[in-house]
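Position 176 (the sequence shown) corresponds to 176 in UniProt numbering; numbering is contiguous.
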Amino acid sequence: MNWRRYFWPVVGIAAVVFSLWLLLHELRGISLDDVWDGIVAIPARGWVLAALSSAIAYASLAGYDHIALLHIGKRVSWLFVTLCSFTTYALSHNIGGSVFSGAVIRYRAYGTRGLSGQDVGVLVAICWITFVLSTILVSGLVLVFEPEIIDRFSGAPHHGLAVAAGVAMLLLVAAYVFGSWLHLRPLKIGSFQVHYPALPIVARQLLIGPIELLAAAAIIFFALPAAGNPGYFVVLGVFLVSFSVAQISHAPGGLGVFEVVFLAGLSHMDPVGVLAALLVFRLFYLIIPLLIALGVVLYFEHSQLGRGGK
């Protein structure tokens, strides 16, 4: 039995159980009626802007695949790429282990369009690099311009350290751009290699990737109550920390992990209002896209069956 096959799923489940225990402890004394009241209190404008932000986020995620296909020089119809990207992220966000689950889904879809296993491997790598690069860029900017964000998690001021970390992140992004400009040698893992994208593609990575993160954080921001709201930039910083920890935990959908970290980052706010906003985020960013994605998968597999595909 290959224990490594089960290691990360076990870690993810353990993270969910532990986080839910922490979450129940954090929200003790809050009833379901309180949470429902918090959801009802969100104005119509907040719902509309949150839904619009989710649409922008998923449109940007589709840009990840378009960028990767441009890099490997493969032409696939715009509609197919958009649907494939949407389905991939909608499923992987809920399943967890987005790199691996996303690779399986993309291989199944793009294999029908003539892409080889190596092509899909490079595509997944470029999408992952775009996400990591964007997270580093946006996190660096937040730490430089809002170093107080670290106080929300450390309990003590470390503004100088936060600014230094932010500058280091921005220098790392600059090094990536510089490597592309110099046409440095590709990263090689056995026979698999990833070349530095051309500068025009890097420019797209640094534009489209951050838009996705900004829009995803905006879903929560627009759903938060006005009372005690620290502003979008702080919410963005808390979102980046929460989302990153949830990704590292390998918890399916970041369940419990995301909420615990976010509540800690906005501990000065009414937890009912924060929890209501997080439920709106799960609705628009996870649940609704998942339901749509399942429909897309069923339609795709039915169409392949009709063509005699396997």
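Beta carbons are placed, not taken as given, at the ideal position from N, Cα and C, and that holds for glycine. These numbers were taken from a predicted model, which means no experiment stands behind them.
Rank the options by C-alpha distance to the C-alpha of residue i and give the top, closest one.
i: F239; options: I56, Q205, V142 and S180; result: V142
i: S77; options: H71, T87 and H66; result: H66
i: L278; options: F221, H158 and A165; result: F221
i: S81; options: I150, G63, A198 and A90; result: According to the sequence displayed, residue 81 carries Val and not Ser. Here the closest residue by C-alpha is G63.
i: H183; options: D33, H195, L172 and L291; result: H195
i: I72; options: G121, W128, G111 and G46; result: G121
i: A125; options: V48, I95, Q205 and A90; result: Q205
i: A165; options: I211, N94, L137 and A50; result: L137
i: L214; options: A90, G237 and V297; result: G237
i: G228; options: A55, A103 and V272; result: V272
i: L199; options: R113, A216 and A174; result: A174
i: M269; options: G231, A44 and V297; result: G231
Can you tell me the Cβ-Cβ gap for residue i and residue j, rounded? I've got them flagged as a contact below 8 Å.
i: F262; j: V274; result: 7 Å
i: T87; j: A246; result: With a Cβ gap of about 21 Å, T87 and A246 do not count as contacting.
i: A90; j: L290; result: 5 Å
Please return the same chain residues whose Cβ sits closer than 6 Å to the Cβ of residue i, not counting the five positions on each side in sequence.
i: S85; result: L61, A62 and D65
i: Y110; result: V120
i: P225; result: G273
i: G179; result: Y196
Take residue i and list the residues in its own chain whose beta-carbon comes closer than 7 Å to its own, dropping the five residues that flank it on each side.
i: I201; result: I67, L70 and H71
i: H302; result: none
i: S139; result: M169 and L240
i: G309; result: Because the pLDDT of G309 is 48, which lies under 50, any placement of that residue in the model is unreliable, and the question is left without a value.
i: E146; result: F233, V234 and G237
i: A217; result: V235, L236 and F239
### Query
In chain order, which continuous runs of the alpha helix (DSSP H) of length 4 or greater are located wholly inside the region 253-303?
257-265 and 271-282
Notebook entry, point to check: Going along the chain, which unbroken runs of the alpha helix (DSSP H) with 4 or more residues stay wholly within the region 36-90?
Noted result: 44-72
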